[in-house]
Amino acid sequence: MASMLWACVTDFFTYETTKSVVVKTWSVGVINRVFQLLIIIYFIGYVFLYQKAYQQSDTGVESSVMTKVKGFGYQGNQVLDVADYVYPPQGAGIFCIITKVIVTDNQFRGLCEETALDCAAHTDCQAFYGNNLVNENLSLARGNFPKHMTSKEIKTCTYHPLTNPLCPIFRVSDILNITGQDVNTLAKKGGEIGINIEWKCNLDQDVELCKPEYSFSRLDAPFAHNPVSQGYNFRFAKYYKTDDGKDYRTLLKAYAIRFDILVTGNAGKFSTVPTLINIVAAFTSIGLGTVLCDIILLNCMKGAEQYKAKKFEEVSKAQIEASLSQSQGSQLSLKPETKKSCDSGAFSLSNDPVP
Amino acid sequence: MASMLWACVTDFFTYETTKSVVVKTWSVGVINRVFQLLIIIYFIGYVFLYQKAYQQSDTGVESSVMTKVKGFGYQGNQVLDVADYVYPPQGAGIFCIITKVIVTDNQFRGLCEETALDCAAHTDCQAFYGNNLVNENLSLARGNFPKHMTSKEIKTCTYHPLTNPLCPIFRVSDILNITGQDVNTLAKKGGEIGINIEWKCNLDQDVELCKPEYSFSRLDAPFAHNPVSQGYNFRFAKYYKTDDGKDYRTLLKAYAIRFDILVTGNAGKFSTVPTLINIVAAFTSIGLGTVLCDIILLNCMKGAEQYKAKKFEEVSKAQIEASLSQSQGSQLSLKPETKKSCDSGAFSLSNDPVP
Amino acid sequence: MASMLWACVTDFFTYETTKSVVVKTWSVGVINRVFQLLIIIYFIGYVFLYQKAYQQSDTGVESSVMTKVKGFGYQGNQVLDVADYVYPPQGAGIFCIITKVIVTDNQFRGLCEETALDCAAHTDCQAFYGNNLVNENLSLARGNFPKHMTSKEIKTCTYHPLTNPLCPIFRVSDILNITGQDVNTLAKKGGEIGINIEWKCNLDQDVELCKPEYSFSRLDAPFAHNPVSQGYNFRFAKYYKTDDGKDYRTLLKAYAIRFDILVTGNAGKFSTVPTLINIVAAFTSIGLGTVLCDIILLNCMKGAEQYKAKKFEEVSKAQIEASLSQSQGSQLSLKPETKKSCDSGAFSLSNDPVP
Numbered sequence: 160m161a162s163m164l165w166a167c168v169t170d171f172f173t174y175e176t177t178k179s180v181v182v183k184t185w186s187v188g189v190i191n192r193v194f195q196l197l198i199i200i201y202f203i204g205y206v207f208l209y210q211k212a213y214q215q216s217d218t219g220v221e222s223s224v225m226t227k228v229k230g231f232g233y234q235g236n237q238v239l240d241v242a243d244y245v246y247p248p249q250g251a252g253i254f255c256i257i258t259k260v261i262v263t264d265n266q267f268r269g270l271c272e273e274t275a276l277d278c279a280a281h282t283d284c285q286a287f288y289g290n291n292l293v294n295e296n297l298s299l300a301r302g303n304f305p306k307h308m309t310s311k312e313i314k315t316c317t318y319h320p321l322t323n324p325l326c327p328i329f330r331v332s333d334i335l336n337i338t339g340q341d342v343n344t345l346a347k348k349g350g351e352i353g354i355n356i357e358w359k360c361n362l363d364q365d366v367e368l369c370k371p372e373y374s375f376s377r378l379d380a381p382f383a384h385n386p387v388s389q390g391y392n393f394r395f396a397k398y399y400k401t402d403d404g405k406d407y408r409t410l411l412k413a414y415a416i417r418f419d420i421l422v423t424g425n426a427g428k429f430s431t432v433p434t435l436i437n438i439v440a441a442f443t444s445i446g447l448g449t450v451l452c453d454i455i456l457l458n459c460m461k462g463a464e465q466y467k468a469k470k471f472e473e474v475s476k477a478q479i480e481a482s483l484s485q486s487q488g489s490q491l492s493l494k495p496e497t498k499k500s501c502d503s504g505a506f507s508l509s510n511d512p513v514p
Numbered sequence: 160m161a162s163m164l165w166a167c168v169t170d171f172f173t174y175e176t177t178k179s180v181v182v183k184t185w186s187v188g189v190i191n192r193v194f195q196l197l198i199i200i201y202f203i204g205y206v207f208l209y210q211k212a213y214q215q216s217d218t219g220v221e222s223s224v225m226t227k228v229k230g231f232g233y234q235g236n237q238v239l240d241v242a243d244y245v246y247p248p249q250g251a252g253i254f255c256i257i258t259k260v261i262v263t264d265n266q267f268r269g270l271c272e273e274t275a276l277d278c279a280a281h282t283d284c285q286a287f288y289g290n291n292l293v294n295e296n297l298s299l300a301r302g303n304f305p306k307h308m309t310s311k312e313i314k315t316c317t318y319h320p321l322t323n324p325l326c327p328i329f330r331v332s333d334i335l336n337i338t339g340q341d342v343n344t345l346a347k348k349g350g351e352i353g354i355n356i357e358w359k360c361n362l363d364q365d366v367e368l369c370k371p372e373y374s375f376s377r378l379d380a381p382f383a384h385n386p387v388s389q390g391y392n393f394r395f396a397k398y399y400k401t402d403d404g405k406d407y408r409t410l411l412k413a414y415a416i417r418f419d420i421l422v423t424g425n426a427g428k429f430s431t432v433p434t435l436i437n438i439v440a441a442f443t444s445i446g447l448g449t450v451l452c453d454i455i456l457l458n459c460m461k462g463a464e465q466y467k468a469k470k471f472e473e474v475s476k477a478q479i480e481a482s483l484s485q486s487q488g489s490q491l492s493l494k495p496e497t498k499k500s501c502d503s504g505a506f507s508l509s510n511d512p513v514p
Numbered sequence: 160m161a162s163m164l165w166a167c168v169t170d171f172f173t174y175e176t177t178k179s180v181v182v183k184t185w186s187v188g189v190i191n192r193v194f195q196l197l198i199i200i201y202f203i204g205y206v207f208l209y210q211k212a213y214q215q216s217d218t219g220v221e222s223s224v225m226t227k228v229k230g231f232g233y234q235g236n237q238v239l240d241v242a243d244y245v246y247p248p249q250g251a252g253i254f255c256i257i258t259k260v261i262v263t264d265n266q267f268r269g270l271c272e273e274t275a276l277d278c279a280a281h282t283d284c285q286a287f288y289g290n291n292l293v294n295e296n297l298s299l300a301r302g303n304f305p306k307h308m309t310s311k312e313i314k315t316c317t318y319h320p321l322t323n324p325l326c327p328i329f330r331v332s333d334i335l336n337i338t339g340q341d342v343n344t345l346a347k348k349g350g351e352i353g354i355n356i357e358w359k360c361n362l363d364q365d366v367e368l369c370k371p372e373y374s375f376s377r378l379d380a381p382f383a384h385n386p387v388s389q390g391y392n393f394r395f396a397k398y399y400k401t402d403d404g405k406d407y408r409t410l411l412k413a414y415a416i417r418f419d420i421l422v423t424g425n426a427g428k429f430s431t432v433p434t435l436i437n438i439v440a441a442f443t444s445i446g447l448g449t450v451l452c453d454i455i456l457l458n459c460m461k462g463a464e465q466y467k468a469k470k471f472e473e474v475s476k477a478q479i480e481a482s483l484s485q486s487q488g489s490q491l492s493l494k495p496e497t498k499k500s501c502d503s504g505a506f507s508l509s510n511d512p513v514p
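Chains as they are written, first to last, in this note's numbering: chain X, 160 to 514; chain A, 160 to 514; chain Z, 160 to 514.
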């Protein structure tokens, strides 16, 4: 009983490794190593360094956007400030700069006047964006004010795609120029401009290196070939009361440039699971090189049949049956060393033409 | 020195392949091939074609929504337009259609009147949604106006889940019917309706084939079993001034149907890293078939012991030690060809019971 | 012809398995099994149970937030309600509680008065959040009202991070205390507070177990080292008309605490593709243990050369060429059994120095 258990334990603690054929031939050897080298270069260079496959990436960002518009507009000879031409006033991620208003004053029905505000065309009209990014999955919180700039520098800078790409203060006319829009047409019909803040964060590095990239696009461009509703406008009313308590209103159709701040992000951080899977894939791919070399070795090389003979050891049912009948004939005497006898029997059938 | 280096180089450029046992038995051969076929079908059919495992997918969409509500409402015998019953007016992704107002006119305290607006029940009340999708990670920008429809068709169409699923103009009463809501109850108490725009984009195909799917749901449904706040309402005030400059206000409690446009998306694009990993997984899985066949071959087949003998070549410590002492005995003469002698020694111990 | 086809079919339905060397040595056997055990523990414990690698996870949540602020504020001896101090009124995910107003009454130019609203400091000021989560990719819809609480309990509860972490009603002063803000400074200068609702959903379990976690942070904190715009304020105007129809306005600069409700989520659900890939990776990793054991066996063990001889069967070009010339010499007679002869030829060259 104890000896059987011991035998079991001994059988368990063995080590099984594949038997290999080592082919000492230059041609296949070089192909093999070159192939392995290519796979290693591909995995280290492309998969790991370039694609950063060792990182778990997360594109689901939740962000909070704070905006402030500054500057004056002119309507005829009247000066307008942000309280007049920005809607809604609280500085969220979507805001409209009203560029033209058609006023329908209900008190005096029938009278319709069109007035233009030229804020968009005016250079002192600036928008200021504070954006901070929150990603709880990777515990991340970043603001878009560059740390190397002083408060004064940030206050006085103006965004420029090449010379000042990190300044979070944008001149409206610059944005319209970058998107290639005709300012006058846009101011007349209204439009929707997207300000995309793209965060590409490598969280394995200092979080301070995770910088925003700004880009601008005309968001209503995809609707250009179906011009159902050109431009952008909305109606709202101002409500008044007469002395005797009667309501009346002024209806306003406002043509506006609507700015949508769209925050996208891609944060990557080292994670063991994708790293492991890619390492395993790399090792397995190196192993797959064997498949190619086998095809060459066993088909295209001189002496292919000899290589086949070395690599493959055939065993057919007939051999096994012959071996079985043989071992049964000498069953009693061989019992104590069945395995060894089987080995030899099998071997002698296929590999031992040596007399 | 040079010859040693040469030997090293020669040793490096070798090719190692596993030695295989080929079992020419129908039963195991058929099982093997059927198993491999099943794995190939599974990977090609399910993993690659159905699950599109060759694609990198991204669910983090950032979108911009533009809405416009049209139509008239009636309050008693007064006509109301969008400036009166839609809040906020600028056409963002969340907007409220006010269906009932409780007015508390502060000037005349104590007077409370309830009035109902029947926009929701009225058929000419339409909502118009422009939605465009931006996904910077896959550089994608799409609008929800179908290209095959002319401007006129889009202007005059009305969404219908079966006959017109791509029309971006929705009748409010249709939405309420689809969500199975009682229009009158909803108009009385207010409610929150979600309009889900789901983009499923296969970016390996033409981006024009990436179409939106609309669905509607009552968003306050999850709160139905805890009826803390039934319906949806909010309070706001209109401010007035008397002749002598004193402020007064009218407080309004507005019951409204709030529409939330929720844009979700799933964009997939061919990417080498997941493709490679899945191909490697496929090849490895095919190799795992060997495990099953080995179990059958080495345990359930007639002649299992013979097959074991063919597959496994045993080497024990005792054999190695015997071989070591043998080779040490003839050390000098064998030195130049150590490897060969070891080979033969090892072989003769385990495989050569043939006299 | 038919017999050739039959031979092809027979050749196809064969089974190829690697020939293995079983090393019956305790030391390597134990190392092998311990290594395999560690890999199994790592995969089952860390990769599958802890990291839930069998799940497909989705961080792209789309949610709808409904808020309601309740309570009174005081301005001097005047009482203010939500219609006066909450903006915008409709209860969306971003709302501002106005804490200080600087009024510039245009009618009487030059007169500027500063008044403070003390809602934030007052304890009966509560915010109520209804949040429901929609994720179409995993068909998920959840609300943040706990099912085990009755309507009355929800109505009367107040959030507390330890004693009542699921109650969706928050006292403003509590939020400010948790974020460690000085209420008076915040009320004076304004600020931005983030209320993060984090959903961690394991969709393999009951959806009811998928609970929200609330956390609070000062969102303008990342801008603290560049104090460009301290606090949070915005300007808006109230418009009036004189008896004779002339417009005038009151400009208000409102200092407010802005609350941004940021909903993040991470929903995981069993999926076959990542499960399969990780299982394959696990099996392959177990196989990689062989690499380590081979290094030990073939380099560090006593009798390493003998083990090498057992594992590697060398075949060089010279051998193949010798075998070729040999078989060509007896080509005619050997033809019917080419394979067998090759086998034996190859074997005799490398393994049969036994006379």
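We put the CB at the ideal spot given by N, CA and C, even for glycine.
With contact defined as three or more Cβ pairs closer than 8 Å, the region 421–430 of chain X and the region 423–436 of chain A are not in contact. Beta bridge pairing from DSSP links Ile256/Z with Val245/Z, Ile416/Z. Here Pro371/Z is buried: its Cβ has 16 or more other Cβ atoms, across all protein chains shown, within 10 Å. Short of 8 Å from the beta carbon of Ala396/X, and not among the five residues preceding or following it, lie these beta carbons of its own chain, in chain order: Arg408, Thr409, Leu410, Leu411. Under the three-state reduction of DSSP, Leu435/X is assigned to helix. Measuring C-alpha to C-alpha distances from Cys255/X to each of Val238/X, Phe442/X, Lys227/X identifies Lys227/X as the nearest.
Cβ atoms of Gly350/X and Ser223/A stay farther apart than 8 Å, at about 12 Å.
With a threshold of 8 Å between beta carbons, Tyr174/Z makes contact with chain A. Less than 8 Å separates the beta-carbon of Val439/X from that of Thr443/Z.
Shortest Cα-Cα distance from Val260/Z to any of Ala346/Z, Lys400/Z, Val193/Z involves Ala346/Z. Thr177/A has a beta carbon lying within less than 8 Å of a beta carbon in chain Z.
Interface residue (Cβ-Cβ distance to chain Z less than 8 Å): Lys347/A is not classified as such.
DSSP places Gln485/X in the helix class (H, G or I) of the three-state scheme. Secondary structure at Phe172/A: coil, using DSSP grouped into helix, strand and coil. Interface annotation, Gln214/X: not in contact with chain A, CB-CB separation never under 8 Å. Residues of the region 187–213 of chain Z with a C-beta less than 7 Å from any C-beta of chain X: Val187, Gly188, Val189, Asn191, Arg192, Val206, Gln210, Ala212, listed in chain order. Contact check for Gln249/A against Tyr246/X passes: the beta carbons are separated by less than 8 Å.
Taking the Cβ atoms as the reference, Thr173/A lies roughly 5 Å from Val181/X, within the contact range of under 8 Å. Residue environment analysis places Tyr466/X among the buried positions, since at least 16 neighbouring C-beta atoms fall within 10 angstroms of its C-beta. For a Cβ distance threshold of 9 Å, residue set Thr173, Tyr174, Glu175, Thr176 of chain A lies close to Val181/X, ordered along the chain. In the three-state DSSP reduction, Gly390/A falls in the coil class, being neither helix nor strand. Residues of the region 431–444 of chain X with a C-beta less than 7 Å from any C-beta of chain Z: Val432, Leu435, Ile436, Val439, Phe442, Thr443, listed in chain order. In the structure shown, the three-state DSSP call for Asn191/Z is helix. In this structure, DSSP gives Ala426/A an extended state, which the three-state scheme calls strand. Looking at the DSSP output, Asp406/Z sits in a beta bridge with Lys400/Z. Annotated three-state conformation of Cys167/Z is helix, per DSSP. By the Cβ rule, the region 359–377 of chain Z counts as touching the region 319–336 of chain Z, because three or more pairs are nearer than 8 Å. 8 Å or more divides the Cβ of Glu473/X from the Cβ of Lys461/A.
Contact check for Thr176/A against Ser179/X passes: the beta carbons are separated by less than 8 Å. The residue from Tyr209/X, Lys469/X, Met163/X, Phe418/X with its alpha-carbon nearest to that of Gly252/X is Phe418/X. Residue burial is scored here from C-beta neighbours: Met225/X has at least 16 other C-beta atoms within 10 angstroms and is therefore classed as buried.
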